[in-house]
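Number of protein chains: 4
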Amino acid sequence: MEIESDLLLAINPNSGVPIYRQVCEQITRMVASGQLKAGEALPSVRQIATQFAVNPMTISKAYSLLEADGVLARVRGVGMKVAQRNDLEQNLEERLLFITPAIETLVTQVEQLNIPQDEVLKAIKLRLEKGK
Amino acid sequence: MEIESDLLLAINPNSGVPIYRQVCEQITRMVASGQLKAGEALPSVRQIATQFAVNPMTISKAYSLLEADGVLARVRGVGMKVAQRNDLEQNLEERLLFITPAIETLVTQVEQLNIPQDEVLKAIKLRLEKGK
Amino acid sequence: MEIESDLLLAINPNSGVPIYRQVCEQITRMVASGQLKAGEALPSVRQIATQFAVNPMTISKAYSLLEADGVLARVRGVGMKVAQRNDLEQNLEERLLFITPAIETLVTQVEQLNIPQDEVLKAIKLRLEKGK
Amino acid sequence: MEIESDLLLAINPNSGVPIYRQVCEQITRMVASGQLKAGEALPSVRQIATQFAVNPMTISKAYSLLEADGVLARVRGVGMKVAQRNDLEQNLEERLLFITPAIETLVTQVEQLNIPQDEVLKAIKLRLEKGK
DNA sequence: GTGGTCTAGACCACC
DNA sequence: GTGGTCTAGACCACA
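Protein chains in written order, with our numbering: chain L, 18 to 149; chain D, 18 to 149; chain X, 18 to 149; chain V, 18 to 149.
So this is what it looks like as structure tokens:
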């Protein structure tokens, strides 16, 4: 069972964002979008820590926070799994709430830079297409 | 001459973002957008510090960083002014570069949440109109 | 592991040159000359501060500036290390650039004092030999 | 008598060196090298201040220091002139003493950068020739 | 353990 | 008046 999932997270230690936070946010989003389903098992702390050359305590902290948030559940002697009864319905409205802060940040900057709306939308559209 | 400029910055000490960084970013944007013109004088360290009930060193740190960045220039014994030769031309392309990181963040989240593009664009458009 | 590195910097609090600047310049030169190699760890802020009876913030300021300059890199929760991709290659040409300002200063003074070139070169040669 | 001397000083407000110090040092060197002769009159404070767009008080301070140093003498109602009995003989040894600090700075940097002596001398020689 | 941020208050140099 | 430097000590976030 060690082949679990090698390509789950994208951790960047130099992004300014704390590592534990990156883990939390990414797993939360994956659960919200259904990429991780209720009951599904997660890689062990040691596994992730090794994979990204990160301190195990950092991953452990992330898992603990996710458990406190009700996103994950701890199964003694086994590991972590996605919580069963989950507030994170795949409902679109809910998911849109997640990106509100990012939109706020963006809009603030746009206004202070005096960038026309069309240009902003054009740039975002372009970037979204590229990701496809 | 006391009416100099009362309405310049919007500092929020509880935003998680360091105060000196808020100052840096906002002034940088104001220079980039042309709200602050080359050669224009800035409020003194003590002025801003008093206005926002912040320690002068905090503002001073921001000014120093902005000088190191080439955004501001120091005039000894007089104060700070917007740097003359400025990379931050007001042209649109340059300004769009400033919001690239914010767009990246947004797009990453959108993809991990599996939100359809139209919904994202709709939400942003809505938010932009509101700000008007 | 306490024998880490005791003999690194030469700080003189009365030289007129700000302490943080002395630290910056010396570390920059050590990196440029290869005395400090890419990835190598640096003494902690508190370690240096204690060693030279200086306020930790002063050293911290130096480290921050060196990070902004791309000379050092921060490893969160661990400390500072020499940046990996470093403009400060050890090639001779690059290092010669570092002493250009000092040469400029010298030459200006020499010209204003009307000192013959041979005399200048002789004096410098003498001083260089002495240092050996 | 207003045509005195338009091209005397080279003041750079952004060099980091205080303006009054630049004035002091340059005039001192000119006296030492004989470019300014004993009894010779100097431009008025206002003249220099206007020429370089500098605060008159700054020039005044420089003149005062030079007077205290015995380099200049104040003639009431007339202005400043180069002091008559002057320690600054044009003797070569004396003049060489003036550049000792600049040489020290240079040598320190050279040693910390591990630059070979020949390269240093070559670079200086090159720069000296260029100035010719 | 690491570095980062902020404060309050001192002193300095420059203009 | 301006900004710069430093201190002593507090608290926080990260690993």
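Backbone N, C-alpha and C fix where the C-beta goes; we use that ideal spot for every residue, glycine too.
This one's a predicted model, so the numbers in the text were calculated from it and none came from an experiment.
Report task. Could you say which of D:Ala-79, D:Thr-117 and D:Glu-111 lies nearest to Ser-97 of chain D if we only look at CA atoms? Result -> A small correction: the amino acid at residue 97 of chain D is Met; Ser does not occupy that position in the sequence shown. Measuring from the Cα of Met-97 of chain D, the nearest candidate turns out to be D:Ala-79.
Requested in this report: Could you check if Val-137 of chain V is buried or exposed, using at least 16 other CB atoms within 10 Å of its CB as the buried criterion?
Outcome: By the beta-carbon neighbour count (other beta carbons within 10 angstroms, threshold 16), Val-137 of chain V is buried.
Query raised in the report: chain L beta carbons: is any one of them nearer than 8 Å to that of Ile-141 of chain D?
Result: For Ile-141 of chain D, at least one C-beta of chain L is nearer than 8 Å to its own C-beta.
Query - Cβ-based neighbour list, Val-62 of chain V, same chain, cut-off 6 Å, excluding 5 preceding and 5 following - result: Its chain contains Pro-73, Ile-76 and Ser-77 as the residues whose beta carbon lies nearer than 6 Å to that of Val-62 of chain V, once the 5 sequence neighbours on both sides are disregarded; these appear in chain order.
**Report entry** Helix, strand or coil at Lys-139 of chain X [DSSP, three-state]
**Finding:** Note: Lys-139 of chain X maps to helix in three-state DSSP.
Requested in this report: Rounded to whole angstroms, what's the CA-CA distance from Gln-64 of chain V to Ile-44 of chain V? Just pull it up for me.
Outcome: Whole-angstrom Cα-Cα distance: 15 Å.
Query raised in the report: Within 8 Å (strictly less), CB to CB, does Gln-134 of chain D reach chain V?
Result: No, its Cβ sits nowhere closer than 8 Å to a Cβ of chain V.
Query raised in the report: Would DSSP call Leu-89 of chain X helix, strand or coil?
Result: Looking at Leu-89 of chain X - three-state DSSP - the assignment turns out to be strand.
Requested in this report: Identify whether Leu-59 of chain D lies in helix, strand or coil by the three-state DSSP scheme.
Outcome: If DSSP states are grouped into helix, strand and coil, Leu-59 of chain D belongs with coil.
**Report entry** CB contact below 8 Å: Met-47 of chain D versus chain L
**Finding:** Taking Cβ atoms only, chain L reaches closer than 8 Å to Met-47 of chain D, which makes this a yes.
Query raised in the report: DSSP state of Lys-78 of chain D, grouped into three classes?
Result: In the displayed model, Lys-78 of chain D falls within a helix according to three-state DSSP.
Requested in this report: Could you check which residue in D:Glu-146, D:Leu-123 and D:Ile-28 has the C-alpha nearest to that of Lys-142 of chain L?
Outcome: If you compare the alpha carbons of D:Glu-146, D:Leu-123 and D:Ile-28 with that of Lys-142 of chain L, the shortest gap goes to D:Leu-123.
Query raised in the report: Between the C-alpha atoms of Ala-140 of chain X and Ile-120 of chain X, what's the straight-line distance to the nearest angstrom?
Result: Those two C-alpha atoms are separated by around 14 Å.
**Report entry** Where Thr-122 of chain L meets chain D, residues with beta-carbon distance less than 7 Å
**Finding:** Here the neighbours are Ala-119.
Query raised in the report: With 8 Å set as the bound, which would you pick, yes or no: does the beta-carbon of Leu-89 of chain D sit closer than that to a beta-carbon of chain L?
Result: No, Leu-89 of chain D lies away from the interface with chain L (no Cβ there is under 8 Å from its Cβ).
Query raised in the report: The alpha helix (DSSP H) with Val-40 of chain X in it runs from where to where?
Result: Looking at the DSSP string, the run of the alpha helix (DSSP H) that includes Val-40 of chain X is 36-50.
**Report entry** Inter-residue spacing [alpha-carbon to alpha-carbon] between Ala-49 of chain L and Ala-85 of chain D
**Finding:** Taking the straight line from one Cα to the other gives about 43 Å.
Query raised in the report: Could you give the C-beta distance for Gln-39 of chain X and Asn-31 of chain X, rounded to a whole number, given that I count them as a contact under 8 Å?
Result: Taking a contact as a CB-CB distance under 8 Å, the pair Gln-39 of chain X and Asn-31 of chain X does not count as one, their CB atoms being some 11 Å apart.
Query raised in the report: Thinking C-alpha only, which one of X:Phe-69, X:Leu-53, X:Leu-82 and X:Gln-101 is nearest Leu-130 of chain V?
Result: If we check each option's Cα against that of Leu-130 of chain V, X:Leu-53 comes out closest.
**Report entry** Same chain, Cβ closer than 8 Å to Tyr-37 of chain V, neighbours up to 5 away in sequence not counted
**Finding:** Within the same chain, Thr-75, Ile-76, Lys-78, Ala-79 and Leu-82 come within 8 Å of Tyr-37 of chain V by CB-CB distance, once the 5 residues on both sides are set aside.
Report task. Please confirm if Asn-108 of chain X has its CB atom under 8 Å from at least one CB of chain V. Result -> Output row for Asn-108 of chain X: interface = no.
Query raised in the report: How many angstroms separate the CA atom of Thr-125 of chain V from the CA atom of Ile-132 of chain X?
Result: Each residue's alpha carbon lies about 22 Å from the other.
Report task. Return helix, strand or coil for Leu-130 of chain D, following the three-state DSSP convention. Result -> Here Leu-130 of chain D sits in helix by DSSP.
Query raised in the report: From the beta carbon of Asn-72 of chain X, is the nearest beta carbon of chain V less than 8 Å away?
Result: Asn-72 of chain X does not count as touching chain V.
Query raised in the report: Nearest to Arg-112 of chain X by CA position, among V:Ala-90, V:Thr-67, V:Glu-128 and V:Arg-46, is which residue?
Result: If we check each option's Cα against that of Arg-112 of chain X, V:Glu-128 comes out closest.
Query raised in the report: Ala-27 of chain D: buried (16+ other C-beta within 10 angstroms of its C-beta) or exposed?
Result: When all chains shown are included, Ala-27 of chain D counts as exposed.
Query - Sequence-distant residues of the same chain with beta carbon closer than 6 Å to Ala-70 of chain X, five excluded per side - result: Counting only residues of its own chain and dropping the five nearest sequence neighbours on each side, Ala-70 of chain X has no CB closer than 6 Å to any other CB.
Query raised in the report: Going straight from the alpha carbon of Gly-87 of chain D to that of Pro-35 of chain X, what length do you get?
Result: Gly-87 of chain D and Pro-35 of chain X: Cα-Cα distance of roughly 21 Å.
Report task. With DSSP as the reference, label Lys-147 of chain D as helix, strand or coil. Result -> Note: Lys-147 of chain D maps to helix in three-state DSSP.
Query raised in the report: Is Gln-134 of chain V near Leu-145 of chain X, with beta carbons less than 8 Å apart?
Result: In this structure, Leu-145 of chain X lies closer than 8 Å to Gln-134 of chain V by Cβ.
Requested in this report: For chain L, find out if any of its Cβ atoms is closer than 8 Å to the Cβ of Glu-19 of chain D; answer yes or no.
Outcome: With a pLDDT of 44 at Glu-19 of chain D, under the threshold of 50, the predicted position of this residue should be treated as unreliable, though the coordinate-derived value follows. Contact with chain L is absent for Glu-19 of chain D, since none of that chain's Cβ atoms lies less than 8 Å from the residue's Cβ.
Query raised in the report: DSSP on Val-99 of chain V, reduced to helix/strand/coil?
Result: Here Val-99 of chain V sits in strand by DSSP.
Query raised in the report: So, does the CB of Pro-60 of chain V fall closer than 8 Å to a CB anywhere in chain D?
Result: By this cut-off, Pro-60 of chain V is not an interface position.
Query - Whole-angstrom distance between Thr-67 of chain L and Leu-25 of chain D, CA atom to CA atom - result: The straight-line gap from Cα to Cα measures roughly 48 Å.
Query - Under 8 Å by beta carbon: chain V residues contacting Arg-38 of chain D - result: Under the 8 Å cutoff, chain V gives no residues; its nearest Cβ is about 26 Å from Arg-38 of chain D.
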